[in-house]
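There are 4 protein chains.
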Amino acid sequence: MSTLTTSATYALLQRYHTTRKQTVKLCEPLEPEDTVVQPIIDVSPPKWHMAHTSWFFETFILVPHLPNYKLFHESYSYLFNSYYNSVGSRVQRDQRSTLTRPPLRDIYSYRNHVDTHITQLLEHISDEDLLNILPVLELGLQHEQQHQELLVTDIKYILSTNPLLPAYKPQSNGKVIEKATEARFLEIPGGVYKIGYTGNDFCFDNELGVHEVLVNDFEIMNRLVTNGEYLAFMEDGGYHDFRHWLDEGFAMVNCDKLEAPLYWVKQDDEWHRFTMHGLQKVNLNEPVTHISFYEANAYATWAGKHLLTEFEWEAASQVYPPQSGNFVESEHLEPIAADPAKDSLQQMYGNLWEWTYSAYHPYPGFTKAPGAIGEYNGKFMINQMVLRGGSCATPENHIRTTYRNFFHPDKRWQYTGIRLANKR
Amino acid sequence: MSTLTTSATYALLQRYHTTRKQTVKLCEPLEPEDTVVQPIIDVSPPKWHMAHTSWFFETFILVPHLPNYKLFHESYSYLFNSYYNSVGSRVQRDQRSTLTRPPLRDIYSYRNHVDTHITQLLEHISDEDLLNILPVLELGLQHEQQHQELLVTDIKYILSTNPLLPAYKPQSNGKVIEKATEARFLEIPGGVYKIGYTGNDFCFDNELGVHEVLVNDFEIMNRLVTNGEYLAFMEDGGYHDFRHWLDEGFAMVNCDKLEAPLYWVKQDDEWHRFTMHGLQKVNLNEPVTHISFYEANAYATWAGKHLLTEFEWEAASQVYPPQSGNFVESEHLEPIAADPAKDSLQQMYGNLWEWTYSAYHPYPGFTKAPGAIGEYNGKFMINQMVLRGGSCATPENHIRTTYRNFFHPDKRWQYTGIRLANKR
Amino acid sequence: MSTLTTSATYALLQRYHTTRKQTVKLCEPLEPEDTVVQPIIDVSPPKWHMAHTSWFFETFILVPHLPNYKLFHESYSYLFNSYYNSVGSRVQRDQRSTLTRPPLRDIYSYRNHVDTHITQLLEHISDEDLLNILPVLELGLQHEQQHQELLVTDIKYILSTNPLLPAYKPQSNGKVIEKATEARFLEIPGGVYKIGYTGNDFCFDNELGVHEVLVNDFEIMNRLVTNGEYLAFMEDGGYHDFRHWLDEGFAMVNCDKLEAPLYWVKQDDEWHRFTMHGLQKVNLNEPVTHISFYEANAYATWAGKHLLTEFEWEAASQVYPPQSGNFVESEHLEPIAADPAKDSLQQMYGNLWEWTYSAYHPYPGFTKAPGAIGEYNGKFMINQMVLRGGSCATPENHIRTTYRNFFHPDKRWQYTGIRLANKR
Amino acid sequence: MSTLTTSATYALLQRYHTTRKQTVKLCEPLEPEDTVVQPIIDVSPPKWHMAHTSWFFETFILVPHLPNYKLFHESYSYLFNSYYNSVGSRVQRDQRSTLTRPPLRDIYSYRNHVDTHITQLLEHISDEDLLNILPVLELGLQHEQQHQELLVTDIKYILSTNPLLPAYKPQSNGKVIEKATEARFLEIPGGVYKIGYTGNDFCFDNELGVHEVLVNDFEIMNRLVTNGEYLAFMEDGGYHDFRHWLDEGFAMVNCDKLEAPLYWVKQDDEWHRFTMHGLQKVNLNEPVTHISFYEANAYATWAGKHLLTEFEWEAASQVYPPQSGNFVESEHLEPIAADPAKDSLQQMYGNLWEWTYSAYHPYPGFTKAPGAIGEYNGKFMINQMVLRGGSCATPENHIRTTYRNFFHPDKRWQYTGIRLANKR
């Protein structure tokens with residue numbers, strides 16, 4: 001093994017183990033029973049997330065690249081494949097709660113087994129082979145980070161359905177901000193912007209196909225919309241006035257009798273929300289979250305503004321490159337109010353994924369990779385809306401300004417938020 | 001405390017603790033994750049069964065009768081009430097898998113807490129008070145036994161949905177019988193039979209209202225229908241010929257694409273069935289089980305026979321009083337072939353609940369008890385069919401010839417079986 | 001052709017034509033568009049009823065018995081078969097509104113075609129052949145009468161869903177009764193009663209299997225429960241108190257948000273009901289109708305009484321043989337108040353089908369006829385409750401005291417009513 | 001009244017009456033029963049279309065602008081409002097088949113009543129008032145044309161559900177083309193294109209917000225994809241290979257067991273399709289139609305090509321302005337093969353609406369009109385895809401190159417088609 005590789009693989013192994021440990025850490029506060037249920041189809045059992053991320057490394061790295069590798073268990077490929085048709089049949093998505101076995105301790109053994117063999121593989125790999133597996137290994141780590149984010153949102157949902165409303169962790173690490181900064185609109189000049197990832201590090205295939213987009217002049221709100229601002233919309237009868245809503249959104253509101261964001265409950269005539277720290281009074285300064293695209297857009301319409309397109313968002317991020325944010329590393333796991341001490345554009349990174357009024361479609365040059373990896377993104381490019389910027393459940397080194405997240409417009413269990421634009 | 005009571009309460013306490021321990025024993029082979037899921041609405045999570053049976057004693061005995069009793073946990077009444085409207089609101093039946101908390105260990109503490117206080121109450125109770133609570137205490141024990149039976153059937157269903165098909169216990173205690181006894185029909189003379197419970201021990205309210213029923217002469221099959229006999233029906237195209245079926249049964253068969261009893265799977269062109277001991281080849285001599293009323297009746301029609309009414313079954317049990325049976329105490333938990341060494345009427349007790357062609361309706365003198373206990377049986381007297389005789393999941397001292405079990409005609413997850421009648 | 005037959009067939013032909021004309025007459029007030037829709041699966045399009053009753057005669061009489069008979073249209077057997085699997089495939093029950101073609105005028109031609117050929121067949125039939133087809137011809141007429149009754153109830157439902165609430169016929173022939181007779185309970189002595197049809201005329205197969213049933217002493221209400229009495233139940237919170245209800249009934253009430261019988265609407269704070277004569281104020285003296293078995297039973301429980309079993313009803317009809325009633329011939333098509341001038345047992349015949357607390361099961365000796373006719377009744381003997389006595393939509397010569405009608409316990413679109421019993 | 005106006009209003013009146021008569025003409029081949037049913041929620045009863053288009057003129061023109069206008073019928077506003085919340089409550093969309101009354105003849109009277117009063121209004125209107133109502137009158141005519149197109153597609157669907165498969169008109173006016181022109185790809189140069197309507201005539205609000213879009217170089221197929229080409233996809237197992245499909249499309253294909261376009265049936269091992277002229281053998285030269293966006297995109301993926309974006313389509317129409325097309329005026333009502341005699345870009349207008357891979361979203365400057373008219377388009381701008389170019393059911397003077405039609409990606413009952421692009 002060359003010296004060059006030794007140092008590179010050492011760093012890679014470090015990152016591998018750091019990432020893998022984070023998944024386990026996120027599950028530490030859970031009971032075994034918490035890790036097996038699936039209250040809605042969008043939410044996967046935490047045990048499944050832990051196994052599926054290991055299955056990814058086993059299937060795409062160990063099986064093809066580690067000589068004489070023995071599967072941890074023959075049936076795990078069937079049990080823990082998510083949606084890769086190329087890899088074979090699998091437990092249907094809505095049947096994941098049938099997996100009461102293998103028990104949690106077996107999944108931890110599975111994780112250790114995979115980690116041991118990845119370590120072994122990397123410690124003895126040739127330069128050439130390393131270059132060969134690097135893209136998939138990188139994808140495996142990015143994939144694990146995506147599932148860490150889902151773990152947080154899925155755990156929150158699971159706990160919220162429990163009548164006892166248990167906190168994930170009782171104490172919060174949240175910085176207390178007395179009063180969020182005032183809302184302002186910042187000008188972004190129109191013009192031709194280059195859209196998509198142009199760097200040399202990792203990006204997903206859906207960020208490729210760099211292309212130029214003509215963007216009109218517009219203004220962007222300096223921070224996310226707050227609970228206080230959203231409450232004004234609610235108290236103005238926003239949920240009952242069809243004029244603010246897309247038709248399918250208003251149908252959902254009426255069918256599900258929606259009156260507030262997900263996790264909001266009125267107690268003793270006061271709004272509370274279920275958080276990772278238990279049930280708490282709604283803090284009016286914090287960004288409003290767990291709203292669907294429909295609610296985000298209705299709010300914008302009510303406010304006489306618009307949501308941004310994903311191209312406007314990316315253009316703004318070129319004008320004001322975002323620096324830091326409230327990511328999963330803060331261990332707060334809830335959004336934090338905008339800092340009045342900071343001027344300029346805030347909260348573009350972290351806190352909440354921002355709904356854009358852009359459908360999740362392929363960029364002009366988009367092509368699917370051959371084989372199973374090609375199923376990663378492309379087949380979901382219909383009926384979903386793009387979200388940008390990451391959330392308080394996102395790992396800091398996972399985000400980019402070109403990152404395209406996507407959900408159906410009715411989904412509310414993610415850490416979603418609203419940023420407004422002024423257009424002409 | 002009088003000496004008389006001391007001995008009576010001692011025996012009662014013995015029975016109380018024996019019964020309570022059996023519930024815990026049945027759950028021992030489970031993982032915590034097994035105890036929280038609810039794959040279909042009929043199946044309750046085992047953890048819920050363990051808590052609910054304790055809630056029954058707490059709510060109906062300890063709270064009203066033990067001075068200064070402190071609830072184990074305020075919210076448990078909401079969490080573990082099953083269907084007693086009188087007692088207040090509760091977790092909806094289809095939401096029982098939301099109860100990932102309280103964790104399993106808390107439920108064990110709850111059980112101990114209740115047991116300790118019941119012991120304390122009984123050890124210091126006066127004669128008068130004991131007489132007062134005896135009926136409810138007895139009901140609580142019978143109730144716990146009913147849930148033990150459900151525990152077995154629900155655990156079987158939960159394990160069966162797992163792609164790994166794990167055995168509840170790998171080894172079986174089943175007596176091996178090479179060849180089931182030949183089928184014969186025994187005459188039961190017609191006449192006026194007294195129906196309902198006339199003894200001095202416990203019975204459920206639905207067995208009261210003793211009344212006379214005119215029964216015609218008929219003949220009863222000496223044992224249950226076997227897998228081999230049922231397979232002949234299947235191989236004759238029984239599931240595809242509408243002439244054998246009630247219309248709603250045939251609709252179910254077509255809609256759900258049924259081809260065989262529940263838990264049957266064809267592997268390498270041979271029929272297997274999922275049992276409490278894992279997947280096994282179908283034994284042709286054993287009684288066929290996990291069939292709906294529709295299948296039982298279609299089989300009877302195909303065979304040119306009938307199902308019995310519940311009155312005919314009870315009349316036959318007066319002519320040939322059943323002795324022993326394959327109950328939960330055998331720890332086999334699956335039906336056993338009829339013994340060729342025994343003549344006369346077999347398998348009336350234990351093995352499998354026998355579908356009758358009698359709707360579960362009130363007997364003439366039926367009245368509901370006042371209060372919550374009145375919700376025990378009466379409100380279910382519609383759209384269900386009566387089953388008689390107990391099964392391999394029934395505690396031996398729980399059954400009587402007058403016992404009326406009841407399920408909807410499409411249910412298959414119980415240990416149900418078929419006995420034929422010849423009528424004129 | 002013998003003289004004897006000539007006169008017999010003449011009478012039969014008379015009856016045939018009278019019956020057939022009545023079907024057409026019932027449809028006269030309809031628009032073509034009224035005759036094609038199917039708002040719920042229980043309700044068939046009137047055009048379909050008109051065609052299906054003709055198909056019955058064509059399929060079971062003309063095709064097998066009239067030499068050289070040519071089908072009116074090849075596809076009609078597929079289009080207008082209801083549920084006879086033996087006769088071949090058919091338009092699925094919930095797809096009957098697809099039959100916009102053949103248009104109404106073709107169906108009238110179809111009816112004429114069938115009538116002409118039946119006439120031709122009967123005019124030239126030999127004695128022997130007549131005896132041969134008589135049972136099926138009789139069944140065809142009874143079948144047509146059953147569909148006349150369904151026509152009335154289905155037309156009422158179709159018109160009721162129209163926002164204009166059009167009357168079937170604006171004027172009523174109803175006798176105005178100022179005040180219904182007082183409710184009284186009449187004693188029926190217990191004993192062994194012969195149940196089932198013993199006469200020499202027509203009856204359905206489900207009335208056969210005459211057998212003896214032991215009935216206890218009981219008392220029967222002298223008339224049907226009135227709107228006024230039912231309103232007292234409603235105003236006492238009857239629809240909101242679980243104690244009166246079977247569990248599945250209370251679930252239906254809550255799921256469908258039921259507050260009153262079908263067709264009742266509150267306008268300007270006063271209860272109205274949609275009738276065949278348009279929307280009218282609820283008349284408190286008239287019998288309450290369009291209630292499910294669940295509502296009937298909840299009312300009885302609230303009133304501290306019971307519904308009768310079908311055997312008690314038949315026993316009472318032997319003690320007090322019913323004479324006349326408000327049948328379809330009165331052309332009122334709604335129930336009429338009980339006559340205060342009449343003493344004794346009233347309204348057993350006509351007005352409203354009376355829900356009994358008896359499941360629709362086979363009598364002891366029940367056997368299905370071979371072939372398609374065998375599908376007439378037997379295959380529906382599950383999950384349905386027996387109703388007795390006929391309604392204001394029943395032809396007078398169609399009813400018998402042994403007649404067993406049957407519907408699922410949640411059905412409300414039929415002319416159903418409540419009669420109470422006092423039991424001990 | 002000024003002379004100027006006289007001639008302008010005369011022309012307008014001519015157009016008004018021509019348009020209105022076309023609606024009636026389209027319904028002439030129908031039976032009254034055809035005009036009332038609603039087999040799926042997307043399809044409205046033809047009678048409803050006829051009434052609703054009249055309601056539009058009555059509500060938005062006659063009521064506000066004709067002094068002393070008396071409503072034809074008070075309830076019609078409730079009955080025939082489609083989706084305008086601003087105008088009040090209405091019959092729910094899935095309840096339109098309840099409107100068996102008013103009968104068809106009343107709807108014709110309604111149309112005449114509205115036409116008479118519109119004539120009266122226009123004959124006496126002042127210049128100023130005319131200018132005032134012109135935009136709404138124009139919208140009313142465009143609206144009526146949209147419903148004419150829906151009438152054709154809805155009638156086709158209604159007839160197709162009838163087991164008799166009746167033809168709308170037996171004879172076809174279709175030009176017979178022996179062999180469709182060969183497929184070729186034509187270059188469209190990239191660059192900044194002006195998108196949206198810039199003319200002075202009518203356009204819908206969703207075409208406004210003219211803006212520039214950067215389009216890459218691409219190639220466009222010279223005609224629509226044919227049945228023959230699509231059949232090659234089918235025969236290559238296209239419906240069973242997940243790699244060609246968007247995930248939600250493949251789920252639909254499996255759930256609905258799709259094997260071919262809507263209206264295709266295999267008879268005697270040969271593909272037929274239901275057309276407006278009855279069931280016919282599939283003509284391989286004709287454009288494939290009645291396919292969902294999912295099928296269109298799967299075909300494109302299989303062929304190694306792409307669908308166009310709506311901007312590319314509009315750019316191509318600027319390079320090759322479309323001239324004529326197969327519109328509703330040809331009275332063929334089915335697509336026609338591409339003419340081998342014609343070179344260059346064909347079939348951009350008429351024949352089939354072409355699915356684009358563009359979500360139906362607002363253009364940058366989009367604003368909703370105030371009041372009910374503002375509900376026309378904007379509230380549907382989610383989850384739908386844009387289609388371009390019109391179909392054989394579109395009136396010729398209704399189409400423009402900037403026209404944006406839109407449907408959900410799973411819809412198949414419209415005349416939809418596929419055009420491919422080559423991209424780099």
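Protein chains in written order, with full-length UniProt numbering: chain A, 1 to 424; chain B, 1 to 424; chain C, 1 to 424; chain D, 1 to 424. Virtual Cβ for every residue (Gly too), placed ideally from N, Cα, C.
Asked: L307(C) vs N297(C) beta-carbon contact at 8 Å; Found: yes
Asked: First through last residue of the beta strand (DSSP E) which encompasses Q267(B); Found: 264-267
Asked: Boundaries (first-last residue) of the beta strand (DSSP E) holding Q280(C); Found: 278-281
Asked: Residues near N112(D) by beta carbon distance below 6 Å, same chain, minus five either side; Found: none
Asked: Separation of T161(A) from Y84(B), as counted between CA atoms; Found: 22 Å
Asked: Chain D contact for N162(C) (CB, 8 Å cutoff); Found: yes
Asked: Beta-carbon proximity list for H290(A), same chain, < 6 Å, skipping 5 on both sides; Found: P261, L262, Y263, R412
Asked: For W413(D), three-class secondary structure by DSSP; Found: coil
Asked: R184(D) burial status per 10 Å Cβ neighbour count (16 or more: buried); Found: exposed
Asked: S109(A): CB within 7 Å of a non-hydrogen atom of the ligand ZN; Found: The ligand ZN is not part of the structure shown, which contains no ligands of any sort.
Asked: Unbroken stretches of the alpha helix (DSSP H), 4 residues or longer, contained in the UniProt domain "DinB-like" (16-149) of chain C; Found: 46-57, 76-80, 104-123
Asked: Cut-off 8 Å between Cβ atoms - residues of its own chain near A232(D), not counting five sequence neighbours on either side; Found: none
Asked: Partner residues on chain B for L150(A), Cβ-Cβ distance less than 9 Å; Found: Near L150(A) there are no residues of chain B at all, since even the closest Cβ is about 18 Å away, more than 9 Å.
Asked: W355(D) in three-state terms, based on DSSP; Found: strand
Asked: Nearest candidate by alpha-carbon position, reference F202(B), set T416(B), I399(B), F406(B); Found: I399(B)
Asked: Interface flag, E58(D) vs chain C, CB-CB below 8 Å; Found: no
Asked: Inter-residue spacing [alpha-carbon to alpha-carbon] between G140(B) and L141(C); Found: 58 Å
Asked: Same chain, Cβ closer than 6 Å to T98(A), five either side skipped, listed in chain order; Found: none
Asked: Residue burial classification, Q38(C) (beta-carbon count within 10 angstroms, cutoff 16); Found: buried
Asked: CB of L284(C) within 8 Å of CB of N227(C), strictly; Found: yes
Asked: Residues that DSSP places opposite I220(B) in a beta bridge; Found: L186(B), A421(B)
Asked: Backbone CA spacing between V176(A) and E286(A) [nearest angstrom]; Found: 10 Å
Asked: Proximal residues to P409(D) (C-beta, below 7 Å), its chain only, five neighbours per side dropped; Found: S292, F293, Y294, M385
Asked: N227(B), enclosing alpha helix (DSSP H) - first and last residue; Found: 227-235
Asked: C-beta atoms of P32(D) and P46(C) nearer than 8 Å; Found: no
Asked: Pairwise C-alpha distance: K169(D) and P335(C); Found: 49 Å
Asked: Where T19(B) falls, given that 16 or more other Cβ within 10 Å makes a residue buried; Found: buried
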